[in-house]
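Asks: Numbered by the working numbering, the letters in the sequence shown go through residues -8 to 408 in order.
No residue lacks a Cβ here, since even glycine has one placed at the ideal position from N, Cα and C.
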Amino acid sequence: MDDLNWKDETSLETVELPTPPDGGSRAWFHVFLCHMVFFNTWGVVNSYGVFQQYYTQTLGHAPSDIGWIGGVQMFLLFGAGVFSGRASDAGYFRHCFIAGVVLQVLGVCLTSLCTRYYQIFLSQAVCVGIGNGLVFTPGLSVMSSYFHNKRLVAVGLSAAGAATGGMVYPATVNALLYHSNVGYPWTMRVLGLIMLVTHIPSIVGYRPYLPPRITGPIVEWQAFREKPFVFFTASMFFNFWGLYMAFFYLGIFARETIHLADSLNLLIVLNGVGVIGRTVPNFIGQKYTGIMNITIVMSLISAVCIYCWAALHDSAGLYGWTVIYGLVAGGAQALFPAMATRQTTELNKVGTRTGMVLSIVSFSCLTAPAIQGALCERDGGGYLAAQLFSASSVVVGAGFLVLSRWSRVGLKLRVKI
């Protein structure tokens, strides 16, 4: 069941919206550009585990303190979306995007000069985080406006950029910081150069497809009267409260619990298999099951995997678990943003609605790493409490997604939605 129609029945806008091309060289080129947006936003976020481990070793702060850096960065990636998404709808896409790229690169370069916790927090968490938010939501909403029937596949291919970035950035840090004499400052400068160069095609090539929607609020309060929207937002909130624990703490877990020497390789594997996890489920959802149905399945399997994580005590088992979890969690992480772009029937409000969802979800991203780190400290350095918290959060999120499905189609099981 397709939850989109292309007749704008409720908008007061007088401009007739063009039909999405749903393919063609220009549309697929924007998928490539959005892939690079994910590469430089979620790829950076998914790489934070390498910094979590390094900062814990060198700064002398507790894991929960270090977790705030990654949490705030992820919070601002989503939280800035409520403003950047609406600005993009209003015709200020390029202003937001270029400002975001400048802040991202500036933040990474400033981090190379930092030696204290508060300095790293301001540059890597705040500056890079705001830049991420100004780039991500507009980039995703503009790309989505080029597609209708093939939107899930397009978003999946774009979201695979989180996996490619999640391989390139940790591998670069691992090679330069741990296996050479380059040192931390120049490692960060190399990351800034990678970010700048890979953003150039997007700066030059991105072009909004829809005409600007000048009027309209930043927040559409009417959306909170729609049960499917409310339940979906709650589902994404709880899922993202638990899904990212492995991306932050897997390396430290492997080093401290299993005594794995090169534990950062796990983070590269976790992100690497996500290339498949972020594309194949979107294709299956588009062609066979429906996006919501497959997201429920991926969410529940992810929760089971996190519960099983607590039973692992050897490197072979951990590598196997990493592959499986990278596939299913990558699928869930790609499917939720795809669903976020489908929370309105009015194409020129996609940026606004997407920004609203992501800004609410940002609070789960803000608190999750610190909560998980605090639970590890309270557990005497163990990870069981944090693993149970994360898995249970994902279960609750899957439950809210079932409610969102029920509010749309009732108890019908054989509906493609």
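Can you give me the C-alpha to C-alpha distance between Leu214 and Pro202, rounded to a whole angstrom?
Replies: Mapped onto the sequence shown, residue 214 falls at position 223. Mapped onto the sequence shown, residue 202 falls at position 211. It is Ala, not Leu, that sits at residue 214 in the sequence shown. The alpha-carbon atoms of Ala214 and Pro202 are separated by roughly 22 Å.
Asks: Note down the Cα distance separating Pro208 from Arg399, rounded to an integer number of angstroms.
Replies: As a position in the sequence shown, residue 208 is number 217, starting the count at 1. As a position in the sequence shown, residue 399 is number 408, starting the count at 1. Straight-line Cα distance between these residues: approximately 26 Å.
Asks: Do you know how far the Cα of Ser395 is from the Cα of Leu168?
Replies: Counting from one through the sequence shown, the residue named residue 168 turns up at place 177. Counting from one through the sequence shown, the residue named residue 395 turns up at place 404. Between Leu168 and Ser395, the C-alpha separation is close to 45 Å.
Asks: Pick out the complete alpha helix (DSSP H) segments inside the stretch 246 to 283, 4 residues or longer, and give them in chain order.
Replies: As far as the stretch 246 to 283 is concerned, its whole alpha helix (DSSP H) runs of at least 4 residues are 255 to 263, 265 to 268, 271 to 275.
Asks: Which residue comes first and which comes last in the alpha helix (DSSP H) that contains Thr358?
Replies: The residue labelled residue 358 in the question sits at position 367 within the sequence shown. Taken as a continuous stretch (DSSP letters only), the alpha helix (DSSP H) holding Thr358 covers 341 to 369.
Asks: What span of residues does the alpha helix (DSSP H) with Leu21 cover, start to end?
Replies: The residue given as residue 21 occupies position 30 in the sequence shown. Sequence check: residue 21 is His here, not Leu. First-last of the alpha helix (DSSP H) with His21: 16 to 31.
Asks: Nearest-angstrom Cα distance between Leu404 and Trp397?
Replies: Here the question's residue 404 lines up with position 413 in the sequence shown. Here the question's residue 397 lines up with position 406 in the sequence shown. Between Leu404 and Trp397, the C-alpha separation is close to 10 Å.
Asks: Hey, Gly62 and Ala359 are a contact pair by Cβ (cut 8 Å); roughly how many whole angstroms apart?
Replies: In the sequence shown, residue 62 corresponds to position 71, counting from 1. In the sequence shown, residue 359 corresponds to position 368, counting from 1. That belief holds up - the Cβ atoms of Gly62 and Ala359 are roughly 6 Å apart, short of 8 Å.
Asks: Where do the ends of the alpha helix (DSSP H) carrying His421 lie?
Replies: Residue 421 falls outside the range modelled here, since the chain spans only -8 to 408, and no answer is possible.
Asks: Round the Cβ separation of Val210 and Met347 to the nearest angstrom and send it over; I've been treating them as touching at under 8 Å.
Replies: On the sequence shown, residue 210 is found 219 positions in, with the first residue counted as 1. On the sequence shown, residue 347 is found 356 positions in, with the first residue counted as 1. Yes, Val210 and Met347 are in contact; Cβ-Cβ is about 6 Å, under 8 Å.
Asks: Please confirm whether Ala153 and Trp59 have their CB atoms less than 7 Å apart.
Replies: Translated into positions along the sequence shown, residue 153 becomes position 162. Translated into positions along the sequence shown, residue 59 becomes position 68. Against a cut-off of 7 Å, the Cβ pair of Trp59 and Ala153 comes out as no contact.
Asks: What number of angstroms, rounded off, separates the C-alpha of Phe239 from the C-alpha of Leu8?
Replies: Walking along the sequence shown from the start, residue 239 turns up at place 248. Walking along the sequence shown from the start, residue 8 turns up at place 17. If you take the alpha carbons of Phe239 and Leu8, they lie about 42 Å apart.
Asks: Residues in its own chain within less than 7 Å of Thr189 by CB, not counting five upstream and five downstream?
Replies: In the sequence shown, counting from the first residue as 1, residue 189 sits at position 198. Once the five neighbours on either side are set aside, the close Cβ partners of Thr189 are Met27, Phe30, Asn31.
Asks: Buried or exposed: which applies to Tyr109, given that a residue is buried once 16 or more other Cβ atoms fall within 10 Å of its Cβ?
Replies: Within the sequence shown, the letter at position 118 stands for residue 109. Exposed, since its Cβ has fewer than 16 Cβ neighbours within 10 Å.
Asks: What separation, rounded to the nearest whole angstrom, lies between the Cα atoms of Ser381 and Phe42?
Replies: Position 390 of the sequence shown, counting from 1, holds the residue named residue 381. Position 51 of the sequence shown, counting from 1, holds the residue named residue 42. Going by the C-alpha atoms only, they are around 21 Å apart.
Asks: Compare the C-alpha of Gly233 against each of Phe88, Cys296, Glu217, Met283 and name the closest.
Replies: Residue numbering aside, residue 233 sits at position 242 when the sequence shown is read from its first letter. With distances taken between Cα atoms, Gly233 lies closest to Cys296.
Asks: Spatial neighbours of Ile351 within its chain, please: CB distance less than 7 Å, with the 5 preceding and 5 following residues excluded, ordered by chain position.
Replies: The residue you call residue 351 lines up with position 360 of the sequence shown. Excluding positions up to five away in sequence, the list reads Thr224, Phe228.
Asks: How would you call Ser16, buried or exposed, if buried means at least 16 neighbouring beta carbons within 10 angstroms?
Replies: Here residue 16 refers to the residue found at position 25 when the sequence shown is read from its first residue. Counting Cβ neighbours within 10 Å, Ser16 comes out exposed, since fewer than 16 surround it.
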